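In order, the protein sequences belong to chains X and R.
Remember, the numbering used here sits 1215 above the position in the first sequence when you count from 1.
Remember, the numbering used here sits 1215 above the position in the second sequence when you count from 1.
Glycine included, C-beta positions come from ideal geometry on N, C-alpha and C.
Because the structure is a prediction, the values reported are computed rather than measured.
Working notes for the structure below.
2 protein chains.
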Amino acid sequence: MTGTAERGPPDFDSIVDAARLLHGVAAVTPLLRSDALDARLGASVWIKAECLQRTGSFKFRGAWTNVSRLPEKRRNRGVVAYSSGNHAQAVAAAARLHDIPATIAMPLDAPAIKRARTESWGAAVRPFDRNVEDRIGIATALAEELGCPIVPPYDHPDTIAGQGTVGLEIASQCRALGIVPDAVVVPCGGGGLIAGVSTALKTAMPGVPIHPCEPAAGDDTKRSLEAGRRIALAGPIRSVCDSLLADTPGELTFEINRRTLAPGIAVADADALYAMRIAFDDLKLVLEPGGAAGLAALVSGEMPCRGRTIVAVASGGNVDADLFSRALNGPGTL
Amino acid sequence: MTGTAERGPPDFDSIVDAARLLHGVAAVTPLLRSDALDARLGASVWIKAECLQRTGSFKFRGAWTNVSRLPEKRRNRGVVAYSSGNHAQAVAAAARLHDIPATIAMPLDAPAIKRARTESWGAAVRPFDRNVEDRIGIATALAEELGCPIVPPYDHPDTIAGQGTVGLEIASQCRALGIVPDAVVVPCGGGGLIAGVSTALKTAMPGVPIHPCEPAAGDDTKRSLEAGRRIALAGPIRSVCDSLLADTPGELTFEINRRTLAPGIAVADADALYAMRIAFDDLKLVLEPGGAAGLAALVSGEMPCRGRTIVAVASGGNVDADLFSRALNGPGTL
């Protein structure tokens, strides 16, 4: 019912078309560097700051693309989504900007800022316990009841095409700066962002290895890449990286990612928090734990980077003040 | 001896030349917006994110311009500066990148991150007690002893020209976005940033009022603008805005600012901290208290903005984790 499987992976042109849809609506986020970070790592690191995207994460790109491509007749009663928070805000924003209602199933333990922001866009939030209830089942029931399509968080060609615009921007920004990265690291939950980014870069900046970065407790994409097939972890996954808690790769995303990605990297929760502290000190950016997973792969040493040029996607910055303070009060970085 | 007074204010061409010197060395910082911030204020607010500048504040622009314009013979033994921290890092970076030594007089109570970062650029730091010692006297003695020129933090045409490139970028970014702001608000210490910005905008975006924002305890520019002459406050100034503690406007900066500026705005320390919290929640930016003074003028209501389009310069993000946590633990904003 979500129109996923029948269409197959988006191609490069679909991502270019998404960029056109997003022009003037989404931000072109900056590619940032820091002398302090480079000195710390002995590397040349470029941060694609998607925390500065509208709604505070890359998710707006996919949600906007998906909603915009729904035939008006299908979307005029509104849209439904399920999300731990970043996709929720993104769909809420995309719906509001299209002047249609949104109903979002969100886990009870979603960060307060994510729920508050979703509601502030005018969306109706339907909370659920992610330890006992099935989010897709809830969303499907809501969609049927309301007569609305679901905007899938990652496993959909239009969602993936929207996220892929991050890759287009990385390629053109690297070109403008005269950089050819040795690798790109991307936070990975269900795999939509990295599926889009890798599809874009395969054409726009070919030959650069692209690594998914996941919390160690939820390394389903890493394991699936190793096995050559989708591996489902025994859930529920527990990690501070609330935006990366997928227990299995998406069908469509994995169909893409198995062909496009370099090996996965697992990061400890402590390293995600440490990367948040480093982003605070060196980059003056607020990152959420999942958004810092790419940087965490570098600062933890899990992804060797000395002497190399790396692009790290910082995928989101929606984090509660309490957790951010916890990251700041961890080991100092000066 | 610093070559200040004899040359007079920099003109527009000097700022354009500074932009040429800074090209490929400094960042072109983004002009950011946030739906949440706009909804909160009922305004259209654009943040010029100088916290994302090299060394974490706008100061790098002026320091680089100043050092670059020193004749090689004058600078080859190095440079001297005095600064509470942002200019210190900026001069240390500019000197290191020119491969010359830097010696910086810094107050003992400067934030730890500012001192650590200044030293990490290889500069020698000479700490002093700003309550009893005179920073200019110390710097002058150091300069004589070492045979090096001083790089003044604000009261120098080349420093001002460098800071003015912030204004050039604001004008071109507004043009690209199709925005004509109703006002620009700029944090103000000695007045170098706003002198440069207002000189640039007078030509590049004429007719837009430009307001200096100062801590209430150090509102020397506000009072001086009202009096039409430089007013010296009884020091030392105490405010959480460590980067804005000037007790009197610069000679050259005030010569400019008295002709270019709209009335000054004084912000309470609590509002600067609250603005830091809002930058965290709405913009995903790390601001230091002084860097948040422009935003504080808006969120406090001191600068009415409802229904208006405002550009706020966020001038720096060098803040210690302890103080940032204090800002986060203040009144929530959700």
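At a Cβ threshold of 8 Å, is residue i touching chain R?
i	result
Arg1269/X	yes
Lys1499/X	yes
Phe1273/X	no
Leu1247/X	yes
Ile1560/X	It is not possible to answer for residue 1560/X, since the shown part of chain X is limited to 1216 through 1549.
Leu1459/X	no
Cys1266/X	yes
Arg1453/X	no
Ser1299/X	no
Arg1205/X	Past the edges of chain X, shown from 1216 to 1549, lies residue 1205/X, and the structure says nothing about it.
Ala1254/X	yes
Within this structure, are the beta carbons of residue i and residue j separated by less than 8 Å?
i	j	result
Ala1233/X	Gly1377/X	yes
Cys1389/R	Val1395/R	yes
Ser1299/R	Gly1506/R	no
Ala1317/X	Ala1307/X	yes
Ala1305/X	Thr1270/X	yes
Val1366/X	Val1412/X	no
Glu1165/X	Thr1524/X	No answer is possible for residue 1165/X: the residues shown for chain X start at 1216 and end at 1549.
Ala1415/R	Ala1386/R	yes
Gly1465/R	Gly1405/R	yes
Ile1471/X	Pro1224/X	yes
Glu1348/X	Val1340/X	no
Arg1332/X	Ala1251/R	yes
Ile1493/R	Val1514/R	yes
Ala1242/X	Gln1268/X	yes
Trp1279/R	Arg1311/R	no
Arg1290/X	Pro1364/X	yes
Met1491/R	Ala1432/R	no
List the endpoints of the continuous alpha helix (DSSP H) containing residue i.
i	result
Trp1279/X	1274-1284
Thr1374/X	1372-1392
Thr1436/X	1435-1442
Tyr1489/X	1484-1493
Thr1355/X	1350-1361
Ile1230/R	1227-1237
Could you give the distance in angstroms between the alpha-carbon of residue i and the alpha-carbon of residue j?
i	j	result
Asp1228/X	Arg1474/X	18 Å
Val1482/R	Asn1281/R	30 Å
Leu1361/R	Leu1247/X	36 Å
Val1401/R	Val1240/X	27 Å
Leu1459/R	Gly1407/R	11 Å
Gly1218/X	His1371/X	Low confidence applies here, because Gly1218/X scores a pLDDT of 45, under 50, leaving its location unreliable; read the following figure in that light. If you take the alpha carbons of Gly1218/X and His1371/X, they lie about 7 Å apart.
Cys1456/X	His1302/R	37 Å
Pro1430/X	Pro1342/R	43 Å
Lys1263/R	Asn1346/X	43 Å
Asp1397/R	Val1423/R	6 Å
Asp1497/X	Arg1255/X	10 Å
Asn1544/X	Pro1504/X	15 Å
Cys1428/R	Ala1529/R	11 Å
Gly1315/R	Asp1537/R	Checking the sequence, you will find Ile at residue 1315/R rather than Gly. Rounded to the nearest angstrom, the two C-alpha atoms are 34 Å apart.
Lys1274/R	Gly1531/X	28 Å
Met1216/R	Asp1373/R	Reliability fails at Met1216/R, whose pLDDT of 38 lies under 50, so the model's placement of it is uncertain and the value that follows must be treated cautiously. Cα to Cα, the separation comes out at about 14 Å.
Tell me, please, whether the CB atom of residue i is closer than 8 Å to any CB atom in chain X?
i	result
Leu1549/R	The predicted model places Leu1549/R with a pLDDT of 48, which falls under 50 and marks its position as unreliable; any figure quoted below should be read in that light. Interface residue, yes.
Leu1357/R	no
Arg1445/R	no
Arg1276/R	no
Gly1505/R	no
First and last residue of the beta strand (DSSP E) that includes residue i?
i	result
Phe1343/R	1339-1343
Lys1263/X	1259-1264
Glu1466/R	Premise fails: Glu1466/R lies in the alpha helix (DSSP H), 1466-1475, not in any beta strand (DSSP E).
His1426/X	1425-1430
Ile1315/R	That residue, Ile1315/R, is in no beta strand (DSSP E); it is neither H nor E in DSSP.
Thr1524/X	1524-1529
Val1412/R	No beta strand (DSSP E) holds Val1412/R; the alpha helix (DSSP H) holding it covers 1407-1419.
Ala1398/R	1398-1402
Val1240/R	Neither: Val1240/R is in no beta strand (DSSP E) and is coded neither H nor E.
For residue i, tell me which candidate among the options has the shortest Cα-Cα distance.
i	options	result
Asp1435/X	Gly1411/X, Leu1416/X, Val1412/X, Thr1468/X	Thr1468/X
Val1534/R	Cys1428/R, Leu1500/R, Val1528/R	Leu1500/R
Leu1237/R	His1313/R, Pro1504/R, Ala1542/R	His1313/R
Pro1478/R	Glu1503/R, Leu1502/R, Ala1447/R, His1426/R	His1426/R
Gly1450/X	Glu1441/X, Ser1530/X, Leu1440/X, Asp1462/X	Asp1462/X
Ala1527/R	Ala1254/R, Ala1242/R, Ala1258/R, Arg1235/R	Ala1258/R
Leu1488/X	Leu1498/X, Leu1476/X, Leu1510/X	Leu1510/X
Val1399/X	Val1260/X, Trp1279/X, Arg1222/X, Pro1364/X	Val1260/X
Asp1324/R	Asp1344/R, Ala1310/R, Arg1311/R	Asp1344/R
Asp1486/R	Cys1520/R, Ala1512/R, Leu1502/R, Pro1326/R	Ala1512/R
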